[in-house]
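To start, the structure itself, in structure tokens.
There are 4 protein chains.
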Amino acid sequence: MPARRRSPGVDPGFQTLAELEARAVARWSPALRGYVEGGAGEERTLSRNRTAFAEAVVYPRVLRGVASVDPRTTLLGRPVAVPFFVSPMAYHGAIHADGETAIAAAASEAGVLAAFGTLSTRSLEEIGRASGPGLRWFQLYHQADEAVERALLDRAAAAGFSAIAVTVDVPVLGVRDRQAQGGFAIDRSVPVGTARGVRPPARSPSDDHGVFRLPAEASATWEWLDRLRQLTRLPLVVKGILTPADARRCAEHGAQGIVVSNHGGRQLDGAPATLDVLPEIARAVGDRLEVYLDGGVRRGVDVLVALARGARAVGVGRPFLWALGVGGRSGVARYLTLLKLDLAAAMALTGCRTVAEITPDVSPLPR
Amino acid sequence: MPARRRSPGVDPGFQTLAELEARAVARWSPALRGYVEGGAGEERTLSRNRTAFAEAVVYPRVLRGVASVDPRTTLLGRPVAVPFFVSPMAYHGAIHADGETAIAAAASEAGVLAAFGTLSTRSLEEIGRASGPGLRWFQLYHQADEAVERALLDRAAAAGFSAIAVTVDVPVLGVRDRQAQGGFAIDRSVPVGTARGVRPPARSPSDDHGVFRLPAEASATWEWLDRLRQLTRLPLVVKGILTPADARRCAEHGAQGIVVSNHGGRQLDGAPATLDVLPEIARAVGDRLEVYLDGGVRRGVDVLVALARGARAVGVGRPFLWALGVGGRSGVARYLTLLKLDLAAAMALTGCRTVAEITPDVSPLPR
Amino acid sequence: MPARRRSPGVDPGFQTLAELEARAVARWSPALRGYVEGGAGEERTLSRNRTAFAEAVVYPRVLRGVASVDPRTTLLGRPVAVPFFVSPMAYHGAIHADGETAIAAAASEAGVLAAFGTLSTRSLEEIGRASGPGLRWFQLYHQADEAVERALLDRAAAAGFSAIAVTVDVPVLGVRDRQAQGGFAIDRSVPVGTARGVRPPARSPSDDHGVFRLPAEASATWEWLDRLRQLTRLPLVVKGILTPADARRCAEHGAQGIVVSNHGGRQLDGAPATLDVLPEIARAVGDRLEVYLDGGVRRGVDVLVALARGARAVGVGRPFLWALGVGGRSGVARYLTLLKLDLAAAMALTGCRTVAEITPDVSPLPR
Amino acid sequence: MPARRRSPGVDPGFQTLAELEARAVARWSPALRGYVEGGAGEERTLSRNRTAFAEAVVYPRVLRGVASVDPRTTLLGRPVAVPFFVSPMAYHGAIHADGETAIAAAASEAGVLAAFGTLSTRSLEEIGRASGPGLRWFQLYHQADEAVERALLDRAAAAGFSAIAVTVDVPVLGVRDRQAQGGFAIDRSVPVGTARGVRPPARSPSDDHGVFRLPAEASATWEWLDRLRQLTRLPLVVKGILTPADARRCAEHGAQGIVVSNHGGRQLDGAPATLDVLPEIARAVGDRLEVYLDGGVRRGVDVLVALARGARAVGVGRPFLWALGVGGRSGVARYLTLLKLDLAAAMALTGCRTVAEITPDVSPLPR
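Protein sequence lines correspond, in order, to chains L, F, E and U.
Per this note's numbering, the very first residue in the first sequence carries number 3; after that it's consecutive.
Per this note's numbering, the very first residue in the second sequence carries number 3; after that it's consecutive.
Per this note's numbering, the very first residue in the third sequence carries number 3; after that it's consecutive.
Per this note's numbering, the very first residue in the fourth sequence carries number 3; after that it's consecutive.
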């Protein structure tokens with residue numbers, strides 16, 4: 003047997019996800035670490051997301067002739083290399099000078115969908131240029147001023163974003179103890195670059211004689227979703243759904259997709275693991291819209307499990323920030339390669355030659 | 003995004019509950035730490051209380067327009083700002099020179115019900131003055147001498163206490179290993195200030211030729227509850243109920259409320275988590291009396307869970323002693339603010355604009 | 003409130019069981035520690051015994067007038083102060099110079115049944131004299147030579163032992179890793195004092211061309227039990243039963259009691275927690291014989307749980323060795339006092355004034 | 003009682019499995035440690051294998067007269083001393099200069115079946131000579147070149163191997179993080195000695211415009227199994243089965259045995275514990291073929307549990323590498339003795355005088 007081979011052209015900087023995370027956080031300030039790594043409250047939900055995948059059982063199926071494994075799929079009709087994507091996050095500029103453009107370029111090159119947020123440090127146009135032919139979505143936070151929303155949606159369309167991920171689980175920021183303890187602050191050197199006038203979600207309600215008042219951003223209702231449909235031709239994907247009832251309403255209000263998400267455990271501590279609620283939600287909506295999931299996805303086999311249980315694709319978040327921090331665009335590219343290979347191996351080992359073959363019996367629910 | 007904001011007027015001394023506890027216990031003697039933090043026996047019940055909340059699942063409901071969140075409710079007909087209250091405890095003077103008056107003043111100012119115990123270090127009258135217009139309850143331990151009880155009840159009514167929390171789970175003190183190991187002792191500088199003649203619960207039975215004898219305080223029966231009703235016009239709330247059968251008897255004997263409580267895990271080690279027995283108890287008594295709960299409540303979402311599962315309000319204990327120790331009245335005020343904001347956020351994230359909207363589907367029982 | 007009281011006449015050497023254990027093992031050699039504390043194999047069963055009690059739920063019942071609590075009961079018709087007893091063990095002389103006589107004297111004084119083993123370091127006669135009027139049982143290992151058994155049984159009867167606990171779960175010694183690692187050895191200074199000619203259980207089988215041979219001691223069958231009944235008038239209590247089938251056979255073969263026991267986790271690693279199998283066994287034999295249990299009992303509430311689930315009494319083992327090591331007879335007396343008070347408190351807190359009131363609803367099985 | 007005896011002729015170097023492992027890995031390089039000890043991914047499956055055995059409950063049955071215990075059985079009609087065998091592994095030469103021959107000799111002497119792999123560092127002929135009269139199996143990885151396979155099978159038959167263990171769970175190597183982190187590499191001083199031209203499984207797929215290509219070795223299908231049956235008269239045992247469906251196909255394709263295996267947790271992280279899927283698989287195939295299991299077997303009682311739940315025999319892996327590393331042939335011999343005695347003790351304690359008496363009631367499934 004030859005000496006250990008390294009994939010050609012891949013910087014041997016990190017071999018495993020654990021190493022990537024360790025190296026990333028080692029160089030971060032406590033504040034940045036608290037911001038990226040932390041979740042809401044006691045991090046019950048943050049922990050549940052991972053535990054649900056760790057407990058999932060996957061069954062190998064053997065002798066199925068897996069000389070080729072094809073992980074390609076489509077998302078809202080657009081081809082992608084793999085059924086995972088970069089979840090929308092915020093403030094990439096706090097992690098690497100290239101900010102969102104590094105992720106945009108690496109994802110585009112890899113044929114992977116990437117989503118970028120309202121609170122990006124680079125403008126939509128910069129991200130669009132970096133992404134080039136790549137598939138990209140724009141994540142929208144409700145804005146009190148509809149003109150701001152309209153401008154964002156128009157610019158997103160013009161900059162080549164092909165869908166709007168509408169975040170609905172942040173009427174107010176979750177109470178994030180680890181972040182509060184670390185004292186994370188965005189200073190002027192890391193501005194929100196998306197647009198002037200954009201307002202981030204409210205940090206906490208204010209007490210008005212015993213009634214807690216939230217900014218207008220928190221007043222969003224299902225009618226707002228209807229209005230958004232009027233404001234853009236881009237398909238809407240509602241992000242932050244955890245119940246079948248809300249999933250059905252998304253379909254009724256014309257969304258073309260939902261992300262089963264608890265915001266990476268950063269919003270309502272106590273919310274269920276996304277994997278745990280996925281099957282019932284997928285059953286509830288059937289093929290009326292596409293169902294995605296994020297929260298706790300780290301390994302190729304996690305992608306497989308989510309697909310077996312009803313997701314069309316899954317979002318991955320924090321690992322891309324680790325990779326961005328460790329190596330900018332090339333770090334992200336390397337992580338993408340690792341995750342692709344991990345998925346390909348998981349498919350081969352379960353006898354799934356294509357995404358369509360990732361059927362429920364590959365990872366049935368516990369009885 | 004602007005630099006991290008702090009709520010105006012709030013001392014930035016502690017940002018999170020974990021920090022509060024750490025700072026409080028760091029300055030305490032091992033004896034005081036053992037007394038406050040410890041539970042009975044191997045602390046199985048102490049741990050269960052927290053675990054039950056940690057395992058509860060809460061479901062966000064989105065796009066419900068939560069620009070205002072109103073946590074106000076009534077307890078025995080009296081308005082309060084929030085559905086949580088300060089549980090009755092003892093010996094506040096061992097923790098801060100202001101003792102119970104600091105909590106009374108802060109809770110009153112915040113519109114929060116506070117309960118004070120038979121073993122208070124300040125007199126009922128002092129506490130009443132500090133509370134002013136605030137809602138306050140008096141916690142009563144059975145006294146062998148009915149005259150002592152009568153005097154306490156009369157003074158409580160005169161001092162503006164509006165209900166009597168009758169503790170029934172301490173016929174004898176629980177066997178508290180951590181406290182025994184720490185060697186906690188109340189010396190003469192921290193007297194029971196409530197009243198002369200008050201006797202604390204028996205520390206342990208004495209062996210009388212093989213039969214263990216307890217002081218008369220342990221002889222309380224349901225008839226004692228009937229007698230109490232004759233001794234005061236104040237409503238009785240029975241504290242320390244863990245079974246539907248006992249809850250029903252409370253209703254039959256004229257109590258107007260019960261506290262589902264295991265005395266913070268300090269009495270019978272092995273008793274169930276209060277959250278685990280709440281739903282069956284709430285079903286058993288229906289609307290014949292108000293059902294409260296204490297034990298392990300730490301976060302806003304815990305309040306929400308208890309309400310979703312049948313409680314009208316919940317008591318919080320040890321955190322108020324931490325806050326008292328760290329900052330006296332202003333420490334307590336700060337913790338009250340944190341907990342209120344935590345609750346308001348939890349309500350907003352679950353789409354509950356009022357307490358009435360905290361319905362069972364927000365946190366259904368595990369199947 | 004007065005300063006912390008200590009029970010009069012009780013050496014304040016240790017306040018809690020945890021402190022007792024820590025102090026005992028701190029002075030022991032690794033070999034002795036491994037022998038006493040260790041279990042078989044990976045100590046799965048040792049751990050299960052404790053976990054089963056730690057997970058048991060106990061329900062307080064309030065306002066039942068518990069001014070007196072009476073833990074007395076009878077075992078095979080003989081009155082005892084409490085429904086717990088000293089389990090038979092071995093080699094007490096390795097722990098304290100007074101060996102078994104210290105336990106015999108302390109248990110007798112406290113009105114507590116004590117059982118002493120075939121592998122005692124003191125003779126049956128010495129133990130009998132130390133026990134005086136105390137209730138005592140003799141534990142018998144099968145002996146290849148019936149004459150040795152006969153002599154032991156006769157001497158036990160003559161020395162005032164009132165029942166024979168017949169150990170049936172040691173055809174061969176369990177594979178005790180921690181003991182093997184510690185290298186425990188009984189040297190000539192700690193002889194088996196019970197009788198000349200007594201043979202301990204075989205340490206391991208010998209390989210005879212692929213078939214493993216055990217000494218004649220391992221050949222015991224149910225017929226041996228019948229023969230034992232002919233050899234003594236003392237009632238037989240079969241120790242080491244873990245299945246309903248074997249329990250029924252004990253009744254059929256004339257035993258008057260059984261001990262549901264896995265030998266303190268020292269024999270078959272993988273055997274169930276005794277508490278877990280108790281209810282089914284108790285149901286299987288009904289009142290045809292008395293059912294006892296040992297394994298993992300440490301607290302008063304553990305005694306209560308076992309009685310609620312079908313045991314008439316429970317044996318306690320290792321804690322008596324800790325107490326013997328720390329303080330000889332007075333150490334044992336002190337531990338007996340602590341455990342009695344712990345039981346009395348548990349009874350008071352569950353509203354059980356007598357042992358008869360420890361009914362199944364006090365600690366129902368999990369559903 | 004005499005001083006602690008050691009079995010005659012057994013080197014007292016290690017007394018327990020834990021000591022053996024600790025001593026072995028202490029002398030290994032991080033790379034070798036990562037290779038041997040590690041599993042795939044986050045080692046969920048590696049951990050499950052052990053947990054499943056740790057949670058199995060085993061019931062003693064008493065007074066059954068176990069003066070002799072006979073663990074002998076047959077595998078594919080050939081007599082063996084015990085129902086456990088040495089699982090096929092790889093690269094023994096990296097651990098001890100004697101490589102596979104040390105295990106072959108020790109297993110043969112002990113009457114224990116040993117399996118040797120395609121990636122052995124010694125040739126089939128050398129292993130055969132070292133094994134002598136001992137029962138041995140040859141493990142085959144699919145080779146792209148059928149001529150290579152044919153040559154291996156012919157040489158295996160000629161060298162006295164009596165069955166072929168066909169590995170089917172390695173179309174591609176699992177993603178082994180711990181191994182990757184350690185940097186394990188086989189250099190030229192540790193060649194694969196089995197045969198020239200042998201190719202190890204592919205380390206990872208290569209990306210071919212989005213489709214991942216695996217070497218021809220990964221293309222194996224059930225038809226390949228049929229072809230193998232034509233290439234050799236030796237019985238085929240398919241290794242790496244985890245579902246009833248695949249087990250049934252093995253029977254349909256003429257295999258005479260299967261090994262329920264997840265490759266020691268080294269292939270698909272997320273695969274179930276082998277013990278958990280064993281009963282359903284055993285029921286599915288009935289007596290159409292022999293069912294073996296490996297993965298997590300460490301103790302005699304583990305062997306017993308697997309047999310009670312449907313296995314005819316079980317494979318043991320890593321412990322043999324520890325023993326090989328610590329003491330070469332004599333280390334392996336010593337471990338074999340320990341495991342045999344452990345099994346004999348477990349049989350005696352459950353009243354099983356023969357393998358046939360290891361019935362399901364000895365270790366029933368949890369309800």
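Glycine residues also receive a C-beta, built at the ideal position from the N, C-alpha and C atoms.
Local conformation of residue i per DSSP, three classes
i      : result
U/S206 : coil
L/T339 : helix
E/L292 : One detail in the question is off: residue 292 of chain E reads as Glu in this sequence, not Leu. Note: E/E292 maps to strand in three-state DSSP.
F/W30  : coil
L/A5   : Summary for L/A5: the model assigns pLDDT 37, below 50, so the residue's position carries little reliability, and this model does not support an answer.
U/Q17  : coil
E/S49  : helix
F/L244 : coil
L/D72  : strand
E/V307 : helix
L/G11  : With a pLDDT of only 38 at L/G11, under 50, the local geometry of the prediction cannot be trusted, and no value is derived from it.
F/V328 : helix
L/V364 : helix
F/Q181 : helix
E/R235 : coil
U/T169 : strand
E/I97  : coil
Beta-carbon separation (whole angstroms), residue i vs residue j, contact threshold 8 Å
i      : j      : result
U/F26  : U/W324 : The sequence shown places Ala at residue 26 of chain U, not Phe. Right, the Cβ-Cβ distance comes to about 4 Å (below 8 Å), so this counts as a contact.
F/Y93  : F/Q181 : No, F/Y93 and F/Q181 are not in contact; Cβ-Cβ is about 12 Å, not under 8 Å.
L/V239 : L/Q258 : 7 Å
E/S89  : E/D296 : 5 Å
CB contact flag (residue i, residue j, <8 Å)
i      : j      : result
L/L22  : L/Y337 : yes
U/R80  : U/S164 : yes
L/V135 : L/L175 : One point to set straight first is that residue 135 of chain L is Pro, not Val, in the sequence displayed. No.
F/P173 : F/A222 : yes
U/G411 : U/V64  : Because chain U here runs from 3 to 369, residue 411 of chain U falls outside it and cannot be looked at.
E/A315 : E/P362 : no
L/I2   : L/T123 : With chain L covering only 3 through 369, there is no way to say anything about residue 2 of chain L.
Amino acids of chain A, ordered along the chain, whose beta-carbon sits closer than 8 Å to that of residue i
i      : result
F/S206 : Although the question refers to chain A, the structure presented lacks it and instead comprises the protein chains L, F, E and U.
Determine which residues of the segment 12-26 of chain F have a Cβ less than 8 Å from any Cβ of chain L, and write them out in chain order.
If the cut-off is 8 Å between Cβ atoms, the segment 12-26 of chain F has Q17, T18, L19, A20 and E21 near chain L.
If contact means a Cβ-Cβ distance below 8 Å, which residues of the segment 58-90 of chain U contact chain E?
Taking 8 Å as the upper bound on Cβ-Cβ separation, chain E lies near residues A58, V59, V60, Y61, P62, R63, V64, L65, R66, G67, V68, A69, S70, V71, D72, P73, R74 and A83 of the segment 58-90 of chain U.
Residues, ordered as in the chain, of the segment 103-136 of chain U that lie near chain E by beta-carbon distance below 9 Å
Flagged, chain order: G113.
Listed from N- to C-terminal order along the chain, which residues in the segment 262-274 of chain L have their beta-carbon within a distance smaller than 8 Å of any beta-carbon of chain F?
Correct list: N264, Q269, L270, D271, G272, A273 and P274.
Three-pair Cβ contact test at 8 Å for the segment 69-76 of chain E versus the segment 318-337 of chain E:
No, the segment 69-76 of chain E is not in contact with the segment 318-337 of chain E.
In chain order, what residues of the segment 279-303 of chain E put their CB closer than 9 Å to some CB of chain F?
The segment 279-303 of chain E vs chain F, Cβ under 9 Å: R300, R301, G302 and V303.
With 9 Å as the C-beta to C-beta threshold (strictly closer), list the residues of the segment 215-234 of chain L near chain F in chain order.
The segment 215-234 of chain L vs chain F, Cβ under 9 Å: R215, L216, P217, A218, E219, A220, S221, A222, T223, W224, E225, W226 and L227.
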